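A.B. asks: Residue numbers (the UniProt record's numbering): 1 to 252.
Virtual Cβ for every residue (Gly too), placed ideally from N, Cα, C.
Remember, predicted model here, so these are calculated numbers, not experimental data.
1. Just how far apart, CA to CA, sit residue 236 and residue 48?
2. Three or more C-beta pairs under 8 Å: does that hold for the segment 68 to 84 against the segment 201 to 217?
3. Could you check the C-alpha separation between residue 249 and residue 114 for me, to the nearest Å?
4. Would residue 229 be called buried (16 or more neighbouring beta carbons within 10 Å of its own) or exposed?
5. Just the C-alpha distance for residue 233 and residue 77, rounded to the nearest angstrom, thanks.
6. Select from 66, 216, 145, 126 the residue whose C-alpha is nearest the C-alpha of residue 106.
7. Mind checking which residues open and close the beta strand (DSSP E) that includes residue 105?
8. Which value, in whole angstroms, describes the spacing of the CA atoms of residue 168 and residue 138?
9. If contact is defined by three or more beta carbon pairs under 8 Å, each pair taking one atom from either stretch, is the segment 208 to 227 in contact with the segment 110 to 128?
10. What is the rounded straight-line gap between the Cα of residue 11 and the Cα of residue 194?
11. Helix, strand or coil, according to DSSP, for residue 75 in the structure here?
12. Could you name the residues of the same chain whose beta carbon sits closer than 6 Å to that of residue 140, not counting the 5 residues immediately before and after it, in chain order?
13. By how many angstroms is the C-alpha of residue 44 removed from the C-alpha of residue 98?
14. Thinking C-beta only, is residue 118 closer than 8 Å to residue 212?
15. Alpha carbon to alpha carbon, what distance is there between residue 123 and residue 186?
16. Going residue by residue through the segment 203 to 232, where are the continuous alpha helix (DSSP H) segments of at least 4 residues, counting only ones entirely within it?
17. So residue 258 and residue 129 are in contact, right, with Cβ under 8 Å, and what is the actual spacing, rounded?
18. Just tell me which of 63, 116, 120 has its CA closest to the CA of residue 251.
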């Protein structure tokens, strides 16, 4: 009788452990996903980045800088040394144009305006956010649903931001931990026809989802303060190199 009870207990314990293991594996936690990130410049990262860009046409778009409109010295906000672009914005700086109520920024605005009639677009770049920079957007796809949604309009469809040293989707969703102070690589793909966006860090997908609407879109990157004055670091800075743009060719 005792042996029978012992055997039953062992079987129940084994079954419970098996079920809990399957459950935890089928629903990995956010932290377990973050620990699986591929490191920058690793062979695996470079291979995946090449695969993402394979079959796309590289294009060269004109662009312009946007920074505190009251500043007369561009070098206070932007430098390009040996192919490394450095964007600097001050927390107490002014908006990029008179009358704007937006936060301080130093950004490059790509003049690649596109809508749902255009082919998929891809942005590829190495980036670095120095330690100490906080509450900043470093890349965005502008254009949301402002033209038809007046109650809760979105001016953007996607943002890579940095908060508390972490890479985030907008502010609240952490995509990668402790990315400041080192070089990383991003690929962001937007298909305006299907309204789908895919974002990659070092060749690994970290986010995918729908854009915010049917407006005209364009890409921006640099340093753009987010949240309130109390959230932003006094100086916000980002660096970019090896910036590339791609368009998916039309099928013949």
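C.D. replies: Short version:
1. 30 Å
2. no
3. 14 Å
4. exposed
5. 15 Å
6. 66
7. 105 to 110
8. 10 Å
9. yes
10. Only weak support is given to the placement of residue 11: the predicted model assigns it a pLDDT of 44, under 50, and the value that follows is read from those uncertain coordinates. Going by the C-alpha atoms only, they are around 50 Å apart.
11. helix
12. 156, 159, 220
13. 46 Å
14. no
15. 8 Å
16. none
17. Summary: the structure shown does not reach residue 258, with the chain confined to residues 1 through 252, and so no result is reported for it.
18. 120
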